[in-house]
Amino acid sequence: MTLEIRNLEKSFGKHQQILAGISMHVNEGEFVSILGPSGSGKSTLFNLIGGLINPDSGQIILNHSVINGELGHISFMPQEHSLLPWRTVLKNILLSSEIKGKSDESLARDWLKRTGLADYENAYPHELSGGMKQRVSFLRSLLAPQSFMCMDEPFSALDEFTRLDMQQWLLSIWEEQRRSILLVTHNIDEALLLSDRIYIFSDKPAKIKEEIIVPFPRPRQKELLLTDEFTAWKRKIYSALEKEKPDESDRCSYSS
Ligand SMILES: Nc1ncnc2c1ncn2[C@@H]1O[C@H](COP(=O)(O)OP(=O)(O)OP(=O)(O)O)[C@@H](O)[C@H]1O
Ligand SMILES: [Mg+2]
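Take the sequence shown: its letters are residues 1 to 256, numbered as in UniProt numbering.
Here you go:
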């Protein structure tokens with residue numbers, strides 16, 4: 001599956017422009033990340049791709065068809081977990097595959113075991129910690145049948161060790177299945193470890209500030225994080241994020 005976004009614009013109300021002409025793409029089997037400041041419009045972009053809201057102008061094109069405002073084309077892991085409170089963990093994970101008539105309980109159980117959630121198969125979301133809910137939500141999108149995945153900060157609620165495990169799983173599954181993935185993250189390490197390319201968003205209204213092609217060969221292991229080359233790229237991305245940031249004195253001058 002390929003995704004192409006052409007000149008997407010979105011405002012909320014008359015004066016709040018959020019996306020100021022975003023154009024980007026994800027190639028077949030590519031892993032692409034978006035890094036950007038909080039409030040810049042990343043989740044808004046995902047809600048547009050997922051068809052939950054409509055753009056003011058521009059096009060979202062999946063495999064050469066315009067899908068503006070259409071639900072169900074992609075596997076979507078939203079920033080808030082959105083688990084259904086009346087369904088058990090197992091039933092939540094199977095939700096999207098059930099809708100498409102392809103549910104596989106033994107595969108879901110297998111994944112629950114691998115992610116340390118085997119004992120919670122029959123628990124309800126309110127009985128889980130924040131990090132556990134996030135893992136369940138991650139498994140739900142992983143087991144969804146759609147071949148394009150959008151994940152909005154899938155690992156933000158996890159401790160460092162669990163996060164590294166989940167990243168490795170995602171990498172190994174992706175290397176095996178080669179689904180196209182678009183991921184939002186605040187974590188520079190995560191973007192560099194996982195992605196083929198990274199788009200860096202500006203502050204709101206969001207524009208693409210920079211596109212970075214990540215050069216590390218695959219398969220990638222977590223030891224990559226400790227190399228000098230990795231640190232050098234991290235520095236480069238950090239300065240791209242910082243570039244053109246208005247400083248505090250600029251901000252004060254607007255407030256009077
Ligand atoms: N439904 C809505 N109505 C009005 N304003 C909204 C709505 N959804 C988002 N916004 C505004 O759009 C801006 C961008 O929000 P968004 O959630 O897309 O940011 P983000 O880049 O995902 O931030 P974060 O990294 O903190 O998750 C914010 O100023 C937010 O208040
Ligand atoms: Mg967000």
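All C-beta atoms in this analysis are idealised placements derived from N, C-alpha and C, irrespective of residue type, glycine included. This structure is a prediction, so every number in the text was calculated from the model and none was measured.
With burial defined as no fewer than 16 other Cβ atoms inside 10 Å of the residue's Cβ, what is the status of residue i: buried or exposed?
{"i": "residue 231", "result": "exposed"}
{"i": "residue 120", "result": "buried"}
{"i": "residue 64", "result": "exposed"}
{"i": "residue 172", "result": "exposed"}
{"i": "residue 3", "result": "buried"}
{"i": "residue 28", "result": "exposed"}
{"i": "residue 71", "result": "exposed"}
{"i": "residue 161", "result": "exposed"}
Might you give, ordered along the chain, the residues of its own chain that have their beta carbon closer than 6 Å to the beta carbon of residue i, omitting 5 neighbours on each side?
{"i": "residue 78", "result": "152"}
{"i": "residue 210", "result": "200, 240"}
{"i": "residue 41", "result": "18, 19, 204, 206"}
{"i": "residue 16", "result": "none"}
Please name the residue or residues paired with residue i in a DSSP beta bridge.
{"i": "residue 20", "result": "9"}
{"i": "residue 25", "result": "4"}
{"i": "residue 199", "result": "34, 211"}
{"i": "residue 49", "result": "Answer is none; residue 49 lacks a bridge partner."}
{"i": "residue 62", "result": "3, 65"}
{"i": "residue 180", "result": "148"}
{"i": "residue 76", "result": "150"}
{"i": "residue 185", "result": "35"}
Might you give, ordered along the chain, the residues of its own chain that have their beta carbon closer than 7 Å to the beta carbon of residue i, omitting 5 neighbours on each side?
{"i": "residue 12", "result": "18"}
{"i": "residue 124", "result": "85, 88"}
{"i": "residue 220", "result": "171, 193"}
Do residue i and residue j have their CB atoms nearer than 8 Å?
{"i": "residue 198", "j": "residue 149", "result": "no"}
{"i": "residue 147", "j": "residue 30", "result": "no"}
{"i": "residue 203", "j": "residue 37", "result": "yes"}
{"i": "residue 145", "j": "residue 102", "result": "yes"}
{"i": "residue 108", "j": "residue 134", "result": "no"}
Which same chain residues end up closer than 8 Å to residue i when comparing Cβ atoms and leaving out the 5 residues on each side of it in sequence?
{"i": "residue 8", "result": "19, 21, 22, 23, 45, 48, 55, 57, 58, 59, 60"}
{"i": "residue 90", "result": "105, 108, 109, 112, 121, 122"}
Would you grab the beta carbon distance between residue i and residue j for me? Rounded to a whole angstrom, and I think it's under 8 Å.
{"i": "residue 35", "j": "residue 237", "result": "7 Å"}
{"i": "residue 93", "j": "residue 128", "result": "Their Cβ separation, rounded to whole angstroms, is 12 Å, which puts residue 93 and residue 128 out of contact at 8 Å."}
{"i": "residue 234", "j": "residue 164", "result": "Residue 234 to residue 164, Cβ: 16 Å. No contact."}
{"i": "residue 137", "j": "residue 81", "result": "4 Å"}
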